[in-house]
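Protein chains in written order, with my numbering: chain A, 62 to 258; chain B, 62 to 258. Where is the CB? At the ideal position from N, CA and C, for every residue including glycine. Keep in mind that this is a model prediction, so the values were computed, not measured. First up is the structure itself, then whatever we jot down about it.
There are 2 protein chains.
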Amino acid sequence: MPDNGHNRRMARKKAVVDAAIARADQDKGLLLVLTGNGKGKSSSAFGMVARSLGYGYKVGVAQFLKSRRDTGEEKFLGNQPNVEWHVLGDGFTWDTQDRDADIATAKRGWEVAKQMLKDDSLHLVVLDELTYLLNYGYLDKVQVCSDLASRPAAQHVVITGRAAPQCLLDMADTVSEIRDVKHAFRSGIRAQPGIDL
Amino acid sequence: MPDNGHNRRMARKKAVVDAAIARADQDKGLLLVLTGNGKGKSSSAFGMVARSLGYGYKVGVAQFLKSRRDTGEEKFLGNQPNVEWHVLGDGFTWDTQDRDADIATAKRGWEVAKQMLKDDSLHLVVLDELTYLLNYGYLDKVQVCSDLASRPAAQHVVITGRAAPQCLLDMADTVSEIRDVKHAFRSGIRAQPGIDL
Numbered sequence: 062m063p064d065n066g067h068n069r070r071m072a073r074k075k076a077v078v079d080a081a082i083a084r085a086d087q088d089k090g091l092l093l094v095l096t097g098n099g100k101g102k103s104s105s106a107f108g109m110v111a112r113s114l115g116y117g118y119k120v121g122v123a124q125f126l127k128s129r130r131d132t133g134e135e136k137f138l139g140n141q142p143n144v145e146w147h148v149l150g151d152g153f154t155w156d157t158q159d160r161d162a163d164i165a166t167a168k169r170g171w172e173v174a175k176q177m178l179k180d181d182s183l184h185l186v187v188l189d190e191l192t193y194l195l196n197y198g199y200l201d202k203v204q205v206c207s208d209l210a211s212r213p214a215a216q217h218v219v220i221t222g223r224a225a226p227q228c229l230l231d232m233a234d235t236v237s238e239i240r241d242v243k244h245a246f247r248s249g250i251r252a253q254p255g256i257d258l
Numbered sequence: 062m063p064d065n066g067h068n069r070r071m072a073r074k075k076a077v078v079d080a081a082i083a084r085a086d087q088d089k090g091l092l093l094v095l096t097g098n099g100k101g102k103s104s105s106a107f108g109m110v111a112r113s114l115g116y117g118y119k120v121g122v123a124q125f126l127k128s129r130r131d132t133g134e135e136k137f138l139g140n141q142p143n144v145e146w147h148v149l150g151d152g153f154t155w156d157t158q159d160r161d162a163d164i165a166t167a168k169r170g171w172e173v174a175k176q177m178l179k180d181d182s183l184h185l186v187v188l189d190e191l192t193y194l195l196n197y198g199y200l201d202k203v204q205v206c207s208d209l210a211s212r213p214a215a216q217h218v219v220i221t222g223r224a225a226p227q228c229l230l231d232m233a234d235t236v237s238e239i240r241d242v243k244h245a246f247r248s249g250i251r252a253q254p255g256i257d258l
């Protein structure tokens, strides 16, 4: 059991953070970036979708890499009345190295995202695994950042994916790097329904 | 735009990880720990709740610190038919330093969690912000780890909270450390409904 000094130090740290949080009094449509190699980026975005639905807000989701339509997140969240759900990885050919087809798919996907970024009825827009399209050079970073910047002022956007480019980190209000300390797949455990998909 | 060498390296890295994931073929009730100071730990857990509901699974959630009952996650997920939702921070006195009362509340909370850890109808149990109770010495780590270890073999458990103790990290299948690179509250922006609560 920790000694009292340890408890006091932890409580003091928590109090400092709590005080800074209590002082914060502004509202803003946030840009949140969840990056890093660890488990939890997309699931965190979907948790915010769930939270938003609790207030009756409308939400838009674009999945840029996935092409499967049987994930738990889509079966549950994608079927909610206040959710607009787009699976945009349809036919992605990352492994076949057909760069032209990939770029065309990416650009089509971004057109869908852009519509959501103009729709001020959407409280939250999730751009799931967008970073890959930027890192592979399939979308123009400057154009993407400009479209993000001109969205409605109260609209929140969550972007997920490994290795978020610097321009996104710079313009983001909140950035979390999800570090992979340990992952079950390295012990031979496959993706589990309800957890990973 | 990245050169082709960059793209090839990224694709190769992704292929190595994808191959390891493809080789993984076992199922197991996972223990996942989401720790670190950044935004996204609890929301990630709630995303896994949403995914699980997509498959029709039953889920149990215990919130150990929160006492408020008006969060987006509870309003939406807590009202789903397949969800058992417990807010156990009721009357927590962290700031008043009434250690005995805190310990009693923590122990009552753990009794609720233990019942869920014995219930093999629950696909997923979320123990939200449990780490604080362990770090403050309000719950016995050895007892908690032993209760976790004796849960049904197929049951997934997600534990969230800063500074997860080593014993939890050791027994976990998946550990993500959510690093706080940047957080909106430091710019004076308060917790946003649908994002932070």
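For residue i, I'd like the list of residues in its chain whose CB is within less than 6 Å of its CB, leaving aside the five on either flank, ordered along the chain.
i: A/Pro213; result: Asp181
i: A/Asp208; result: Lys175 and Leu178
i: A/Phe137; result: none
Should residue i be labelled buried (16 or more other beta-carbon atoms within 10 Å of its own) or exposed?
i: A/Ala225; result: buried
i: B/Ala162; result: exposed
i: B/Lys20; result: A question about residue 20 of chain B goes unanswered here, because the residues of chain B that appear run from 62 up to 258.
i: B/Lys243; result: buried
i: A/Pro142; result: exposed
i: B/Leu258; result: buried
i: A/Val77; result: exposed
i: B/Glu190; result: buried
i: A/Glu172; result: exposed
i: A/Gly117; result: exposed
i: B/Gly66; result: exposed
i: B/Arg70; result: exposed
Quick check: residue i and residue j, are their CB atoms within less than 9 Å of each other?
i: A/Ser237; j: A/Ser105; result: yes
i: A/Leu92; j: A/Gln124; result: no
i: A/Ile250; j: B/Arg251; result: no
i: A/Gly115; j: B/Gly133; result: yes
i: B/Ile256; j: A/Arg112; result: yes
i: A/Gly222; j: A/Thr192; result: yes
i: A/Lys168; j: A/Leu200; result: yes
i: A/Ala174; j: A/Leu188; result: yes
i: A/Asp88; j: A/Ala245; result: no
i: A/Val110; j: B/Gly108; result: yes
i: A/Ser248; j: B/Ala72; result: no
Grab me the residues of residue i's own chain with a C-beta within less than 7 Å of its C-beta, minus the 5 sequence neighbours each way, in chain order.
i: B/Val94; result: Ile220, Ala225, Leu229, Leu230, Ala233 and Val236
i: B/Arg130; result: Val148
i: B/Phe195; result: Note that residue 195 of chain B is Leu in the sequence shown, not Phe. Lys202, Val205 and Pro226.
i: B/Met62; result: Unreliable positioning characterises B/Met62 in this predicted model, as indicated by a pLDDT of 45, which lies under 50. The coordinate reading is nonetheless provided below. Result list for B/Met62: empty, nothing under 7 Å.
i: B/Ala126; result: It is worth fixing the name first, because residue 126 of chain B is Leu in this sequence and not Ala. Taken in chain order, the residues that qualify are Gly150, Phe153, Glu190 and Tyr193.
i: A/Val186; result: Gly121, Met177, Leu178, Gln216 and Val218
i: B/Lys74; result: none
So, at 8 Å on beta carbons, what are the nonlocal neighbours of residue i in its own chain, with the 5 sequence-adjacent residues on each side left out?
i: B/Asp241; result: Gly97, Asn98, Gly99 and Lys100
i: A/Glu145; result: Lys119, Val120, Gly121, Val122, Met177 and Leu183
i: B/Gly139; result: Val122 and Trp146
i: A/Asp79; result: none
i: B/Pro254; result: Gly133
Round the Cβ separation of residue i and residue j to the nearest angstrom and send it over; I've been treating them as touching at under 8 Å.
i: A/Val20; j: A/His184; result: Since the first residue shown for chain A is 62 and the last is 258, residue 20 of chain A is missing from the structure and cannot be characterised.
Counting only Cβ-Cβ distances shorter than 9 Å, please list the residues of the stretch 233 to 256 of chain A near chain B, keeping chain order. Ala233, Asp234, Thr235, Val236, Ser237, Glu238, Ile239, Arg240, Asp241, Val242, Lys243, His244, Ala245, Phe246, Arg247, Ser248, Gly249, Ile250, Arg251, Ala252, Gln253, Pro254, Gly255 and Ile256
Scan the stretch 81 to 93 of chain A for residues whose Cβ lies nearer than 8 Å to a Cβ of chain B and list them as they occur along the chain. Ala81, Ile82, Arg84, Ala85, Asp86, Gln87, Asp88, Lys89, Leu91 and Leu93
Note down, in chain order, all residues in the stretch 122 to 140 of chain B with a beta-carbon under 8 Å from any beta-carbon belonging to chain A. Thr132, Gly133, Glu134, Glu135, Lys136, Phe137 and Leu138
Residues in the stretch 101 to 115 of chain A having any Cβ partner in chain B nearer than 9 Å: Gly101, Lys102, Ser103, Ser104, Ser105, Ala106, Phe107, Gly108, Met109, Val110, Ala111, Arg112, Ser113, Leu114 and Gly115
Of the residues that make up the stretch 182 to 193 of chain B, which ones have a beta carbon closer than 9 Å to any beta carbon in chain A? His184, Leu185 and Tyr193
Closer than 7 Å between beta carbons: that is the criterion. Which residues of the stretch 213 to 227 of chain B meet it against chain A? His217
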